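For the sequence shown, numbering that gives the first Met the number 0 gives the first residue as 0, with consecutive numbering after it.
Here a beta-carbon is modelled for each residue, glycine too, at the ideal position from N, C-alpha and C.
Computed from a predicted structure; not experimentally measured.
Reviewing the structure listed below.
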Amino acid sequence: MSKNPLGRRYFLTTLFFSALALFSFWSMLENMYVKKQNALYLKLFDEQAIQYESIENSNAKKISDYAKRKKKVETELRAQQLEKKTLQDKLKYLEAANIDFQDKYSELIKKQNNDLKPLPSLKLSDEEFHKLKFYNEEINGTMLTIPQNLYSDRHLTELKEKYLVYMPIASYESIEWVKNYYSDLNFKIICDGNDRRKRCDVNLEKEYTYSNLYLKTYEMMQHFCKNDYKPGKYKFFAKLDFDTVLDKRYLYDVIRYISDNSDRRIYYGFSWPHEDFVEMNGQFYAISGKLVDELCSCNMLHPIRTGEDTYFGKALHQCVRENLLPKDKEIIYIENSRYYCDHGGVETDGVNLKLGRKVANKD
Numbered sequence: 000m001s002k003n004p005l006g007r008r009y010f011l012t013t014l015f016f017s018a019l020a021l022f023s024f025w026s027m028l029e030n031m032y033v034k035k036q037n038a039l040y041l042k043l044f045d046e047q048a049i050q051y052e053s054i055e056n057s058n059a060k061k062i063s064d065y066a067k068r069k070k071k072v073e074t075e076l077r078a079q080q081l082e083k084k085t086l087q088d089k090l091k092y093l094e095a096a097n098i099d100f101q102d103k104y105s106e107l108i109k110k111q112n113n114d115l116k117p118l119p120s121l122k123l124s125d126e127e128f129h130k131l132k133f134y135n136e137e138i139n140g141t142m143l144t145i146p147q148n149l150y151s152d153r154h155l156t157e158l159k160e161k162y163l164v165y166m167p168i169a170s171y172e173s174i175e176w177v178k179n180y181y182s183d184l185n186f187k188i189i190c191d192g193n194d195r196r197k198r199c200d201v202n203l204e205k206e207y208t209y210s211n212l213y214l215k216t217y218e219m220m221q222h223f224c225k226n227d228y229k230p231g232k233y234k235f236f237a238k239l240d241f242d243t244v245l246d247k248r249y250l251y252d253v254i255r256y257i258s259d260n261s262d263r264r265i266y267y268g269f270s271w272p273h274e275d276f277v278e279m280n281g282q283f284y285a286i287s288g289k290l291v292d293e294l295c296s297c298n299m300l301h302p303i304r305t306g307e308d309t310y311f312g313k314a315l316h317q318c319v320r321e322n323l324l325p326k327d328k329e330i331i332y333i334e335n336s337r338y339y340c341d342h343g344g345v346e347t348d349g350v351n352l353k354l355g356r357k358v359a360n361k362d
């Protein structure tokens, strides 16, 4: 049987077109798949682009907010620096004004003091001293008197370098009042440890009551000897109570007289004799420069339970007796004039002034 060429051609033609159709179909499917994939990629890309744009916008906002905050901080810093400079300028101005005021005040005081006639010395020669001193049986000691109204027109500021006064004060007592009344006096306000008023000159370590003021006296003298004292610096040192009002003309005479004789052991105040020593009552008592030197160079008697003025008198006498030969132990006592020293208040023409514990209801 012979082969049919037409049938073979038909078969090949059919096979060719079938293959071509299959290839076309496959190409169409592949093309559809590619388009679908491309669509997915485009969608993913768009989503990523949107996300990136969102992140970029967020970062831009953060950068903008940071820039704003930075600018605000820089503005505030410049304002603070300007305010600081303004305050520094004001401080410099006030310091300059204060220095100028102090210079003018010093010049005024110097002029006032220079305008006064030079004073003759009140120092007693040995001969004058032996003529003026006298023995007092009541206190069993040697005494002197201070001539009154010697220089009633003089100023306490003249003597500033010669003396120092300590005033122990309670928290219920007015610093402003004594600072005003004694504005020309070279003195320091001594406060307890818990008294934080700005005008306290010295704050001791503890808080004291009326019953243990002997401890305050001890601490006060320890502070004086460690901080204010130098050998030979002061020719007169005193303790003055808050409720004591002194005649300043008389006070000038007292400071001048004792300072000019500071090489002698002088103990001044309202005398109160004990068996083996003399106490000076506390409203106002003073010691000469020689006693100041000896008191600060000895081991001061440790506080004993007694009155603060009794303790001071006993400690002072013990320092002299323990460190000196018998012939050198003489202390000269000078009695304060009650006429020029008011304690607890003042009552005179048009004046009725009360001071101290009773006024503050502390008794």
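query                                                                                                                                                        : result
From which residue to which residue does the beta strand (DSSP E) around Cys199 run?                                                                         : No beta strand (DSSP E) contains Cys199, which DSSP labels as neither H nor E.
Would you give the residue range spanned by the alpha helix (DSSP H) that Gln147 belongs to?                                                                 : Here Gln147 belongs to no alpha helix (DSSP H), and DSSP marks it neither H nor E.
Would you kindly report the start and end of the unbroken beta strand (DSSP E) that includes Leu245?                                                         : 243-245
What distance in whole Å lies between the Cβ atoms of Asp308 and Asn280, which are believed to be in contact at a cut-off of 8 Å?                            : 6 Å
Please state whether the Cβ-Cβ distance between Phe235 and Ala285 is less than 9 Å.                                                                          : yes
Does DSSP put Asp341 in a helix, a strand or coil?                                                                                                           : strand
Going by beta-carbon coordinates alone, are Ile257 and Gly140 separated by less than 9 Å?                                                                    : no
In angstroms, rounded to a whole number, what distance separates the CA positions of Val164 and Phe283?                                                      : 10 Å
Can you say whether Val291 is buried or exposed, counting buried as having 16 or more other CB atoms within 10 angstroms of its CB?                          : buried
Take Met0 and list the residues in its own chain whose beta-carbon comes closer than 8 Å to its own, dropping the five residues that flank it on each side.  : Summary for Met0: the model assigns pLDDT 49, below 50, so the residue's position carries little reliability, and this model does not support an answer.
By the three-class DSSP mapping on this structure, what secondary structure does Leu354 have?                                                                : coil
For the pair the region 215-234 and the region 295-314, tell me if three or more CB-CB distances fall below 8 Å.                                             : yes
If you draw a straight line from the C-alpha of Tyr207 to the C-alpha of Gly312, how long is it?                                                             : 20 Å
With DSSP collapsed to three states, give me the class of Tyr233.                                                                                            : coil
Return the bridge partner residues of Tyr228 from the DSSP annotation.                                                                                       : Beta-bridge pairing links Tyr228 to no other residue.
Using DSSP's beta-bridge definition, name the partner residues of Met220.                                                                                    : BP columns for Met220 are empty, so no partner.
In terms of residues, what are the limits of the alpha helix (DSSP H) holding Ser287?                                                                        : Taken as a continuous stretch (DSSP letters only), Ser287 belongs to no alpha helix (DSSP H), being part of the beta strand (DSSP E) at 277-287.
From Ser17 to Gln50, what distance separates their C-alpha atoms?                                                                                            : 49 Å
Return the CA-CA distance between Lys229 and Ser261, expressed in angstroms with no decimal places.                                                          : 15 Å
Going by the CB atoms, is the gap between Leu155 and Asp183 shorter than 9 Å?                                                                                : yes
Give a yes or no on whether the C-beta atoms belonging to Lys122 and Asp259 are separated by under 9 Å.                                                      : yes
Taking only runs of the alpha helix (DSSP H) that begin and end inside the region 151-194, which ones reach a length of at least 4 residues, in chain order? : 174-180
Using DSSP with H/G/I as helix, E/B as strand and the rest coil, what is Leu28?                                                                              : helix
Mapping DSSP to helix, strand and coil, what is Thr13?                                                                                                       : helix
Taking 9 Å as the threshold (beta carbon to beta carbon), is Glu73 in contact with chain C?                                                                  : Structure shown: chain C not included; a single protein chain is present.
Closest to Phe276 by CA distance: which of Ala314, Leu41, Arg264 is it?                                                                                      : Ala314
Determine which residues share a DSSP beta bridge with Thr305 and list them.                                                                                 : Thr305 is not bridged to any residue.
Look up Asn135 in the DSSP assignment and give the residues it is bridged to.                                                                                : Gly140
Pull up the DSSP beta-bridge partners for Gly268, would you.                                                                                                 : Glu334
On a CA-only basis, which of Tyr9, His273, Thr347, Trp176 is nearest Glu136? Give me that one, please.                                                       : His273
If you measure between the beta carbons of Asn179 and Cys190, is that distance less than 9 Å?                                                                : no
Leu239 by DSSP, collapsed to three states: which one?                                                                                                        : strand
Our contact map puts Asp200 next to Gly343 with C-beta atoms below 8 Å; I'd like the distance itself, whole angstroms only.                                  : With 8 Å as the limit, Asp200 and Gly343 do not qualify as a contact, their Cβ atoms being about 24 Å apart.
According to DSSP, which residues form a beta bridge with Glu346?                                                                                            : Asn351
Considering only the alpha carbon of each residue, which of Gln36, Ile254, Thr216 lies closest to Tyr233?                                                    : Ile254
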